[in-house]
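*Asks:*
Chains as they are written, first to last, in our numbering: chain F, 542 to 652; chain E, 1184 to 1306.
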């Protein structure tokens, strides 16, 4: 099945580390396509914060990092800041769909 | 710097056809690997990929909407147009035009997004 799953919500206090998981299947992660992560602040378009599993675009702080193992990937945010409070989406490519797939999103709350 | 901007109606009646235009700058859709796509996001929901058109005129559509979607490009005018037929309330969403970064007509990610265009379907 062509679905990418994320936890609906995570939270952490300022300065802490949070991990957002993303679980795929054999037709996407298993097909070795990269996993990409987007941050969406309220009322704005999603913005890429990690691409190709682990790469940061210019301007994204090194507090954001990624990892991947098998059919799962993670976005790790260290030194949590209030400005990190947003919705986060993972995205990949699915060979069964012949198209691009987004996870359901995770709302990060900074306590 | 790559920019994209969507234009089109904000209100569409049920059964009508939606036509959205994306005007882009900062790259050419004749460059190998270039792609422009459309993604929509219903209020409070996750983004949903709709369609992508590539430099070589290859087009890819979401399987669930393929029968209703058409994507075209005008490279000389730096425009991409999306049409979605037989609009219904479930099509109410913000529609984004996006630049796809990748080296083939599969994979890759969306590195630049337009500001989005909210389209409401209602009579």
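Ideal Cβ placement from N, Cα and C applies to all residues, glycine included. Nothing here was measured: the structure is a model prediction, and the numbers come from that model.
1. Would you call the region 1273-1287 of chain E in contact with the region 1296-1304 of chain E, where contact means no fewer than 3 C-beta pairs closer than 8 Å?
2. Leaving out five residues before and five after residue 617/F in sequence, what residues of the same chain have Cβ atoms less than 6 Å from its Cβ?
3. Are the CB atoms of residue 574/F and residue 629/F nearer to each other than 8 Å?
4. Have a look at residue 615/F and residue 1190/E and give me their C-alpha separation to the nearest angstrom.
5. Output, in sequence order along the chain, the residues in the region 577-593 of chain F whose CB is closer than 7 Å to any CB in chain E.
6. According to DSSP, residue 1137/E sits in a beta bridge with which residue or residues?
7. Starting from the beta carbon of residue 639/F, find every residue of chain E whose beta carbon is closer than 7 Å, and list them in chain order.
8. If we ignore side chains and look at the alpha-carbon of each, how far apart do residue 1238/E and residue 557/F end up?
9. Per DSSP, what kind of secondary structure is residue 571/F in: helix, strand or coil?
10. To the nearest angstrom, how far is it from the Cα of residue 590/F to the Cα of residue 547/F?
11. Tell me the rounded alpha-carbon separation between residue 1306/E and residue 1206/E.
12. My understanding is that residue 1264/E touches residue 1195/E, with C-beta atoms under 8 Å, so please give their C-beta distance in whole angstroms.
13. Between which two residues does the beta strand (DSSP E) harbouring residue 1262/E extend?
14. If we cut at 8 Å on Cβ distances, does residue 643/F have a partner in chain E?
15. Identify the contact partners of residue 1279/E in chain F, using a Cβ-Cβ distance below 7 Å as the criterion.
16. Between the beta-carbon of residue 635/F and the beta-carbon of residue 567/F, is there less than 8 Å?
17. Along the chain, where does the beta strand (DSSP E) containing residue 1295/E start, and where does it finish?
18. Give me, in chain order, the residues of the same chain whose beta-carbon lies closer than 6 Å to that of residue 549/F; leave out the 5 immediate sequence neighbours on both sides.
*Replies:* By the coordinates alone:
1. yes
2. 560, 606
3. no
4. For residue 615/F and residue 1190/E, the distance between alpha carbons rounds to 35 Å.
5. 577, 586, 587, 589, 592
6. Lying outside 1184 to 1306, the shown extent of chain E, residue 1137/E is not represented and no answer is given.
7. 1243
8. 44 Å
9. Three-state result, residue 571/F: helix.
10. 16 Å
11. Roughly 28 Å between the two C-alpha positions.
12. In this structure residue 1264/E is not in contact with residue 1195/E, their Cβ atoms being roughly 15 Å apart against a cut-off of 8 Å.
13. Unbroken beta strand (DSSP E) run through residue 1262/E: 1262-1267.
14. Yes, contact with chain E.
15. 586
16. no
17. 1292-1296
18. none
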